[in-house]
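Participant: The C-terminal residue of the sequence shown carries number 171 in this note's numbering, and the numbering is unbroken.
Built from N, CA and C at the ideal position, the CB exists for glycine as well.
If you're wondering where the values come from, they're calculated on a predicted model, not measured in any experiment.
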Amino acid sequence: MGKYNINDAVRKKAAYRSMVSPRLMDALKSRIVYVLVKKKKFKDKDYSAKRLAEDLHTNTRYISAVVSVCFDMNYSSFVNKYRIDYAKALLKDKRYAGLKMEEISDMVGFSNRQSFYAAFYKYTGITPKQYKLGGGGDAGVAAEE
27 MGKYNINDAV
37 RKKAAYRSMV
47 SPRLMDALKS
57 RIVYVLVKKK
67 KFKDKDYSAK
77 RLAEDLHTNT
87 RYISAVVSVC
97 FDMNYSSFVN
107 KYRIDYAKAL
117 LKDKRYAGLK
127 MEEISDMVGF
137 SNRQSFYAAF
147 YKYTGITPKQ
157 YKLGGGGDAG
167 VAAEE
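#1: Any chance you could list the beta strand (DSSP E) runs of at least 3 consecutive residues sitting entirely within the region 69-149, in chain order?
#2: Kindly indicate which three-state DSSP category Ile58 falls into: helix, strand or coil?
#3: Would you call the region 114-127 and the region 90-97 in contact, with 3 or more CB pairs under 8 Å?
#4: Between the region 134-142 and the region 60-77, can you find at least three pairs of beta-carbon atoms closer than 8 Å?
#5: Can you tell me which of the three DSSP states Val46 falls into?
#6: CB-CB under 8 Å to Leu54, same chain, minus the five flanking residues each way: which ones, in chain order?
#7: What do you reckon, are the CB atoms on Ala79 and Arg109 nearer than 8 Å?
Given below as structure tokens:
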């Protein structure tokens, strides 16, 4: 357990992963990316795997299996990765320089500052404040609203 109580992930073999055919897996993968990334649902703090499954007319087990197999992470980590990329862009964008960390956290879809800091640290190895002050590299995705 390190800073922010981040534990290393334990790999589990889920039986339902083999239930999803490769064809369905490919179709769901592109639809998941479309909804979460292109439609920017990752910024909605209330957009759960259950809501995604409902929107895609499937079930959460299939969503979980596709994200796990295709992206090698769980749903929360997948969504948080896009949130952190977006946060990095906002933190480097001069137009958002006056915003507090809580405001950035809210804009990118986190429910609270603590979960934002924990996720940011997990993906970058530094805090959002350190990143903003020049501790990070490239800003990731373009900051667009």
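Facilitator: Once the coordinates are examined:
#1: none
#2: Within the sequence shown, the letter at position 32 stands for residue 58. In the structure shown, Ile58 sits in a helix (DSSP, three-state: H, G or I).
#3: no
#4: These segments touch.
#5: Your numbering for residue 46 matches position 20 in the sequence shown. Coil.
#6: Residue mapping note: residue 54 aligns to position 28 of the sequence shown, counting from 1. Around Leu54: Val46, Leu82, Thr84, Tyr88, Ile89, Val92.
#7: Taking the sequence shown and counting its residues from 1, one reaches residue 79 at position 53. Taking the sequence shown and counting its residues from 1, one reaches residue 109 at position 83. Not in contact: Ala79 and Arg109 (Cβ atoms no closer than 8 Å).
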